Each structure stands twice: as structure tokens, then as C-alpha cells.
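Peer 1: Under this note's numbering, residues 174 to 847 are what the sequence shown spells out, in order.
Cβ atoms here follow ideal geometry from the backbone N, Cα and C, with glycine treated the same way.
Since the structure is predicted, the reported quantities are computational estimates derived from the model, not experimental observations.
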Amino acid sequence: VMITDILLLDFFNTLGMPTSTTVSIVFELLGAAVAMSLIKIGASGGEFSDVVNYINTSKALQIISGILLSVVVAFSIGAFVQWVSRIMLTYNFERKARWVGALFGGVALSAITYFIFMKGIKGTPYAGESYDIIGGMKISAFLESEVYSIILASFVFWSLLSYLLITLLKSNIYKLIIGVGTFALALAFAGNDLVNFIGVPIAAYQSYEAWSISGVEATAFSMDILATKVPTPTLLLFISGMVMVVTLWFSKKARYVADTEINLARQDETKERFEPNMLSRLLVRFTVMASEYTATILPNSIINKVDSRFKKPTIALDKGKVHELPAFDMVRAAVNLMVAGILISIATSYKLPLSTTYVTFMVAMGTSLADRAWGSESAVYRVAGVLNVIGGWFLTAIIAFIAAGTILSIISFGKGTAIGILLFVAILLLARNYISYNKKSKAIIAEDRLVKAESRSIQGVISESSGNISNVMKRSSKLYRNSIEGLSKQDLDKLKKNKSNVVKLSDEIDDLRDHLFYFIKNLDDTSVEASNFYINILGYLTDITQSLEYITKISHKHVNNNHKKLKFNQVKELMEINDELESLFGRTKKAFDNGSFEEIGEILQLKQDLYKSVSEKIEKQIARTRAEESSPKNTTLYFSLLLESKDLIEEVMNLLDLYYQKNDPTTQAPKLGE
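Spelled out as C-alpha cells, the structure:
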């Protein structure tokens, strides 16, 4: 179970996908139990249907149904509470009357503190203590029997305290709610994940101790000890807790998982990680249609009133100034913590099974939907992300069940040798994942990335975009060379990697195009010409990457389909074009690196020579085709490469011509790095 759990959670953390330790542990235990039951049934000559006698199926189904139900309930209640909170508080919540903030603080803090009592005290030795002040009742019994009295008293106390803090100390009550709520959820996650972390090994160790003391054979020893609560030494709890704290503090994977949830809930536009799928498109389309239908039924006065409550305040900034906004405001943060705390405490009080991860995530997604964070620009991506995460949860359960059962079967038949091999493989996989993840992270940090323009004049844009042009020229040269070399050597891996790299370059240019709206909005009225210049730059860069994408795609397709190799003369001529293009890209890169735009004029004079070189090779191939060529696929590929190379040359020359015409020789362009 633990081998499966560690590998499974590490896999999902590497992907940056939030998943549940509770679900993974439950299904691993279930899978291992089913596998062990089948082994015993096989050894005793029983039937497959006897497996229900070995497994507590009713409890297992209760846990599974409870977890699935909690997902729907958390999303729905989170959305409803956020909608009501926003209607009541709006985005100008800090300017609302003091009693409004006090009332919200009373509700939120009452819910959160009750959750702390339910989750915190009930699990401690103090829960069994009795005091005269509560009529001699045990604390745990008092918490269960006096729920409404505790909540009412807590609401009055926190509302009054919130009002005093707002009035006398001018405190921000929302910050207090977020602080207390964060502590409360940390308490829930720590307790829950800590049990999942050490529960199974502690139970196994104490079972071993019980067997050692009994003095009977292992095959004759009954595991009745596991029917009782397993006491856990405090020292082990402390050590395990410290391991968790250190891991959360230093783990890049943990931050990657957190970023996934934060970006899916982000109020403003961000770089979307997930691609839309058919289901996300259908859900968004259905929701839009339902919204439009609802708008036809409700009076315009109500619609306008509700819309006004969701109107975001505008922040007045000077041109060129940037204001870094948080992912969402304090009202949504408070609602996320409050609703998650309430749901978890209710489930705890009724002893209902649920996953704290699933509840917290789905509450955050529900509040995002209600807060109109998923607009028409981002909804299809965000919904796809949520569906991917939920799909990952089902995958967690399936993989956990199958993998735990498989590993148990291997250990059952292989004994100690199998355990040793499996532990070695597990350590090897963890080390491999750690090394590859670190390499990937360093590569992302180290790689050249295109920079968004911020200037408001043509000369400023020329200066800022020089680095991007230099970057594109360097990468284009490498991409073209790898395509020709991979094609000539039939190197499928190289062509596949090259195809991935050109898509990455294309995505970066798409990011620049997505930023175009903000670039234009940031311009002064006198700087409109700069926006036109920048748009043309992006247009030519897009044309260049489209040509490279086509060249890499047809090269990869040709080799991947196992078509005939290009002939020696064809490869030789393509290498000649590659040398000429490398020279073109290299000289262009140098010109932009040094800010030497006079050299661009010299490069532009090579245009006709480059065209002539490609045209001559086209004529040679026409002659070969008429005389000796026998492969239609080779001929088609070769002509396509030549024509697209000619287009690539034209696109680079158009870009250079634009810079040459717009550059002001009286303004010295700075060199890169200055």
C-alpha cells in the first residue's frame, strides 16, 4: 500500500494535479484487501463470490459515495454562498457600513472556530475530560449536544468583536477571517494527511509487535488487533509532522500543485494551462444558453441591479505603471475558507467520509464560477482544467486499486525478495522523477523566452523587440537545421523533438499576440504608430514560425510513415540551402544583438541571391523528376521544402525591411544587455 501511495502521489505532484491522500489510501487498502482475499479464496478452493465475505463492502461503498457526493455539494454551496456574499458586499466591500463587515465576520468566524473545535478538540485527550461549568459533561458530548447554543453564542461574540475591531482599531476584518481560516484548514489537512501518511505503517508495525508478543505462528495469528483503534506514539506524530512541514516549505512540486488551483480560480486573465475539450465546450455552451434564457425571463431592473453588484472597481494608473493584482479578493478568500470549514466540520460531526482536498478544491471552483471569474475569454479553459482534475481523481482511485492489488500479489508470491526488488524500483523511480523534474525546471528558467513590449514609441519598440528578433533567429536556425539533418539521417526522435520545439516557439509568439490588447491600451494618444509597427513585427514572426512548423511537420511525417529516403543530390542541395539560411539567421542575430541596423541594409541585398539559389534547385528537381525520379512522395516532400524555404526567406526579409525603414539613424539603438 505504501509503495503504491508514494509513487502515485509523486506522479500527480509532478503533473501539478491536486489529488487526495484519503482516496488514494482508501482505494489502495481496498485493492490490496481484494487481492489478498482472492489469494486466500484460491488457496482454500472457494469461489469468486466469496470475496464479499472478506471485504466490508457496505463501509467501502459508504466512503466512495460520500466522497463523490461531497464534490457536488462543495461546488454548489461554494457557488451559492459566494454569490450571496458578493451581492451583499460587492467589490467595494471595504467601504461598506461597519455593521455589514461585522455581520460577515460573525458568520465566518463562528463557522471557522466551530470547525476548529470539532476537528481539533475531538481528536485530543481533552475530549474525554468533564467540567462542572458544562454540567459535568464530557467536552466531546457537549460539542455534539449543544451545537445550536455554541453556534449562536459564537456568532454573537464574534459579531461584537468584529464590530469593535472595525470601529475602534480600524482593523480589516477580512484579513482576520483569512488568517483564522487558513489556520483552521491547515489543522484539517495536517490531521487528515498525517493519518494517511503514517496510519498504514504504524498499523503494520503494531500488528508485527502484537504477533511477536503472542508467540504463535504467523499463519495462525489473528489480526483482531486491527478491529480496535490503533494508538499512535506522540513522538512519531511529531516527527511525521515535521517531515510534512519541511516538505511543504521546500517542495517545488507542492507549489506547482497550488499554482494549478490558484490559476483556475484567478479573477483576471492568465496564461491558461489546460486546453479546451469537447465536454468543456458543451458545458460552457449549455451554461451560456441557460444564462441567456434566464435573462429573457427576469426583468431588466433585476438583471441590472445584480450586474452592478459584480462591477469591479477600476484602478487609475499612470501610463507605464503596473499594478500586480492578487488572484482574487479577500471576500472570495474568506468564503473559500469559511465554506470549506463548515462542510468539513458538518461531515466530521456526522461521521461522514469525505476528502478535504476535494472539498477545498471544489469550493474554490464554485466560488470562482459564482464570482464571474470564468468569463467568455477563459471559461472553456477553466472548465477543461476542472474536468481534468476531476478525471485525475477517478484515475487516482483506479490506479490505486489496481496497483496496490498487483504489488500485494507480487509480494505474496515473491516474499522478501519481491519486497526488496519493489523497494529498489520505487526508490529508483522517485530519484528519476526528482532528477527529471529538476532538469525540466532548470531548463524552463534557463531557456530563452520572448519578452513583451512595454515601450510607447517606435524607437523604443525597436530597442525592446531586438532581443526577441535575435532569439527567434537563433532558434529558427536550429529548428531548420535539425529538420534537414533529421530528414537526411531518418532520425525520428530528433524530428519529433524538433516538432515540439517549434510548437513551443509558436506558443510564445501567440503569448505576445495575446498581450497586444494591453500593449495598445498602455499607449499614449501620440503613439499609435508604434502599435502598428509592433503588430507588423508580430505578424512577420508568426509567418516565420508557420513556415518552420510546416517544414518540421512534413519532415516528421515523411520519416514517421517510413517513406523512401531523400536522394543524395536532394540532401546535398537542402544542406546548401541550410548553410545559406544559417548565414542569414546568424548575420541577422548579430545585427540585432549589436544594435547595428546599418548591417540590415547589407543583408537585404542578399535577397535576390537567396531566391535565385532556391529557384535553381527547383529547376534541377523538375529536370530530375522528368528524367529519373520514381518516388512521388520524395518529389512532393522536396518541392514542399524548397517552396516553404523560399517563403521563409521572404518572411525574414520582410521583417528586416520593416526595421530598416522604421529605424531612425539619429537614435543609437542600445546593444543587448545594456
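Taking a contact to mean a Cβ-Cβ separation below 8 Å, would you say Ile-783 touches Glu-753 in this structure?
Peer 2: For the purposes of this step, residue 783 is taken as the residue at position 610 of the sequence shown. For the purposes of this step, residue 753 is taken as the residue at position 580 of the sequence shown. In the sequence as displayed, the identity of residue 783 is Leu instead of Ile. Closer than 8 Å, so yes.
Peer 1: In whole angstroms, what is the alpha-carbon distance linking Leu-831 and Phe-765?
Peer 2: Locating residue 831 in the sequence shown gives position 658, counting from the first residue. Locating residue 765 in the sequence shown gives position 592, counting from the first residue. Near 13 Å, if we compare the C-alpha coordinates of Phe-765 and Leu-831.
Peer 1: Rounded C-beta distance between Ser-528 and Thr-195? I'm assuming under 8 Å.
Peer 2: Walking along the sequence shown from the start, residue 528 turns up at place 355. Walking along the sequence shown from the start, residue 195 turns up at place 22. Between Thr-195 and Ser-528 the Cβ distance is about 5 Å, and since that is below 8 Å, they are a contact.
Peer 1: Identify the continuous alpha helix (DSSP H) that holds Ala-438 and give its terminal residues.
Peer 2: By one-based count along the sequence shown, residue 438 stands at place 265. That run of the alpha helix (DSSP H) goes 425–438.
Peer 1: Evaluate Phe-356 with the Cβ neighbour count: other Cβ atoms within 10 Å of its Cβ, from every protein chain shown; 16 or more gives buried, anything less gives exposed.
Peer 2: The residue labelled residue 356 in the question sits at position 183 within the sequence shown. Exposed, by the Cβ-count rule.
Peer 1: Within the same chain, show all residues whose beta-carbon is closer than 8 Å to that of Glu-824, passing over the 5 residues directly before and after it, in chain order.
Peer 2: Along the sequence shown, read from residue 1 onward, the residue named residue 824 stands at position 651. Tyr-713, Asp-716, Ile-717 and Ser-720, listed in sequence order.
Peer 1: I'd like the span of the alpha helix (DSSP H) that includes Phe-765, first residue to last.
Peer 2: For the purposes of this step, residue 765 is identified with residue 592 of the sequence shown, where counting begins at 1. Here the alpha helix (DSSP H) through Phe-765 covers 741–767.
Peer 1: Report yes if the CB atom of Ser-197 is closer than 8 Å to the CB atom of Thr-569, and no otherwise.
Peer 2: Translated into positions along the sequence shown, residue 197 becomes position 24. Translated into positions along the sequence shown, residue 569 becomes position 396. Going by C-beta atoms, Ser-197 is nearer than 8 Å to Thr-569.
Peer 1: What did DSSP end up calling Lys-484 once you bin it into helix, strand or coil?
Peer 2: Residue 484 sits at position 311 when you count from the first residue of the sequence shown. Lys-484 falls in the coil class under three-state DSSP.
Peer 1: Please report the distance separating the alpha-carbon of Met-748 from that of Lys-672.
Peer 2: For the purposes of this step, residue 748 is identified with residue 575 of the sequence shown, where counting begins at 1. For the purposes of this step, residue 672 is identified with residue 499 of the sequence shown, where counting begins at 1. Taking the straight line joining both Cα atoms gives about 19 Å.
Peer 1: Around the Cβ of Trp-422, are there at least 16 other Cβ atoms within 10 angstroms (buried) or fewer (exposed)?
Peer 2: Locating residue 422 in the sequence shown gives position 249, counting from the first residue. Answer is exposed; the Cβ neighbour count stays below 16.
Peer 1: Look up Lys-311 in the DSSP assignment and give the residues it is bridged to.
Peer 2: By one-based count along the sequence shown, residue 311 stands at place 138. Paired residue(s): Ser-303.
Peer 1: Just checking my contact of Lys-311 with Ser-303 at CB under 8 Å: how many whole Å lie between their CB atoms?
Peer 2: The residue you call residue 311 lines up with position 138 of the sequence shown. The residue you call residue 303 lines up with position 130 of the sequence shown. Confirmed, Cβ separation roughly 5 Å.
Peer 1: Using a Cβ-Cβ cut-off of 7 Å (strictly less than) and excluding sequence neighbours within five positions of Ser-733, which residues of its own chain qualify?
Peer 2: Your numbering for residue 733 matches position 560 in the sequence shown. Residue 733 is actually Asn in this sequence, not Ser. Closer than 7 Å at Cβ, skipping near neighbours: Leu-665.
Peer 1: Reducing DSSP to helix, strand and coil, say where Val-389 ends up.
Peer 2: Position 216 of the sequence shown, counted from the first residue, corresponds to residue 389. In the structure shown, Val-389 sits in coil (DSSP, three-state: anything other than H, G, I, E or B).
Peer 1: Roughly how many whole angstroms lie between the Cα atoms of Tyr-653 and Phe-706?
Peer 2: Numbered from 1 along the sequence shown, position 480 holds the residue referred to as residue 653. Numbered from 1 along the sequence shown, position 533 holds the residue referred to as residue 706. Using only the alpha carbons, I get a separation of about 27 Å.
Peer 1: Nearest CA to the CA of Ala-543: which residue from Ile-260, Thr-177, Lys-780 and Ser-231?
Peer 2: Along the sequence shown, read from residue 1 onward, the residue named residue 543 stands at position 370. Checking every option, the nearest Cα to that of Ala-543 belongs to Ile-260.
Peer 1: Can we say the stretch 446–456 touches the stretch 198–210, given the rule of at least three CB pairs closer than 8 Å?
Peer 2: Segments in contact, no.
Peer 1: To the nearest whole angstrom, what separates the beta carbons of Val-559 and Leu-452, a pair I think is in contact under 8 Å?
Peer 2: As a first step, residue 559 must be located in the sequence shown, where it is residue number 386. As a first step, residue 452 must be located in the sequence shown, where it is residue number 279. Actually they do not touch by this definition, with Cβ atoms about 11 Å apart.
Peer 1: How long is the line joining the alpha carbons of Ala-557 and Leu-456, rounded to whole angstroms?
Peer 2: On the sequence shown, position 384 is the one that residue 557 refers to. On the sequence shown, position 283 is the one that residue 456 refers to. If I take the Cα positions, the gap works out to 10 Å.
Peer 1: Just to confirm before moving on: does the CB-CB distance between Thr-540 and Leu-358 stay below 8 Å?
Peer 2: On the sequence shown, residue 540 is found 367 positions in, with the first residue counted as 1. On the sequence shown, residue 358 is found 185 positions in, with the first residue counted as 1. Not in contact: Thr-540 and Leu-358 (Cβ atoms no closer than 8 Å).
Peer 1: So Phe-328 packs on Ser-283, CB below 8 Å; how close in whole Å?
Peer 2: Here the question's residue 328 lines up with position 155 in the sequence shown. Here the question's residue 283 lines up with position 110 in the sequence shown. Their Cβ separation, rounded to whole angstroms, is 4 Å, which keeps Phe-328 and Ser-283 in contact under 8 Å.
Peer 1: What are the start and end residues of each continuous beta strand (DSSP E) run of 3 or more residues lying completely inside the stretch 775–818, in chain order?
Peer 2: Here no run is fully enclosed.
Peer 1: Would you tell me roughly how many angstroms separate the C-alpha atoms of Gly-640 and Leu-678, rounded to the nearest one?
Peer 2: To locate residue 640, count along the sequence shown from 1; it is residue 467. To locate residue 678, count along the sequence shown from 1; it is residue 505. Spanning the two alpha carbons is a distance of roughly 14 Å.
Peer 1: Using 10 angstroms around the beta-carbon of Leu-341, count the other beta-carbons present and answer buried if the total reaches 16, otherwise exposed.
Peer 2: By 1-based counting over the sequence shown, the position of residue 341 is 168. It is exposed - the Cβ of Leu-341 has fewer than 16 other Cβ atoms within 10 Å.
Peer 1: Which term fits Thr-809, buried or exposed, when burial requires 16 or more other beta carbons within 10 angstroms of its beta carbon?
Peer 2: In the sequence shown, counting from the first residue as 1, residue 809 sits at position 636. That one is exposed.
Peer 1: How many angstroms separate the CA atom of Ala-506 from the CA atom of Leu-262?
Peer 2: Here residue 506 is taken as the residue at index 333 of the sequence shown, counted from 1. Here residue 262 is taken as the residue at index 89 of the sequence shown, counted from 1. Straight-line Cα distance between these residues: approximately 13 Å.
Peer 1: Since Asp-183 contacts Glu-201 with CB under 8 Å, what's their CB separation in whole angstroms?
Peer 2: As a first step, residue 183 must be located in the sequence shown, where it is residue number 10. As a first step, residue 201 must be located in the sequence shown, where it is residue number 28. So it is not a contact: roughly 14 Å between Cβ atoms.
Peer 1: Could you tell me how far apart the beta carbons of Met-535 and Ala-270 are, in whole angstroms, since I believe they sit closer than 8 Å?
Peer 2: Here residue 535 refers to the residue found at position 362 of the sequence shown. Here residue 270 refers to the residue found at position 97 of the sequence shown. The pair is not a contact, with the Cβ atoms about 32 Å apart (cut-off 8 Å).
Peer 1: Suppose the cutoff is 6 Å on Cβ atoms and the five residues either side in sequence are ignored; what does the same chain contact list for Gln-255 look like?
Peer 2: Taking the first residue of the sequence shown as position 1, residue 255 is located at position 82. Excluding sequence neighbours, Gln-255 sits near Val-508, Thr-540, Ala-543 and Asp-544.
Peer 1: Excluding sequence positions up to five away, which residues of its chain have a Cβ less than 6 Å from the Cβ of Phe-370?
Peer 2: Walking along the sequence shown from the start, residue 370 turns up at place 197. The answer, listed in chain order, is Ser-413.
Peer 1: Could you give the DSSP three-state label for Gly-279: helix, strand or coil?
Peer 2: Position 106 of the sequence shown holds residue 279. Note: Gly-279 maps to helix in three-state DSSP.
Peer 1: Since Ile-580 contacts Leu-601 with CB under 8 Å, what's their CB separation in whole angstroms?
Peer 2: Here the question's residue 580 lines up with position 407 in the sequence shown. Here the question's residue 601 lines up with position 428 in the sequence shown. The pair is not a contact, with the Cβ atoms about 15 Å apart (cut-off 8 Å).
Peer 1: Give me the residue from Tyr-833, Glu-792 and Gly-189 with the minimum Cα distance to Asp-432.
Peer 2: Within the sequence shown, numbered from 1, the residue matching residue 432 stands at position 259. That would be Gly-189, whose Cα lies nearest to the Cα of Asp-432.
Peer 1: Taking the straight line between their C-alpha atoms, what separation do you get for Gly-493 and Phe-567?
Peer 2: Counted from its first residue, the sequence shown places residue 493 at position 320. Counted from its first residue, the sequence shown places residue 567 at position 394. Only weak support is given to the placement of Gly-493: the predicted model assigns it a pLDDT of 49, under 50, and the question is left unresolved by the model.
Peer 1: By how many angstroms is the C-alpha of Gly-565 removed from the C-alpha of Val-199?
Peer 2: Walking along the sequence shown from the start, residue 199 turns up at place 26. Walking along the sequence shown from the start, residue 565 turns up at place 392. Each residue's alpha carbon lies about 16 Å from the other.
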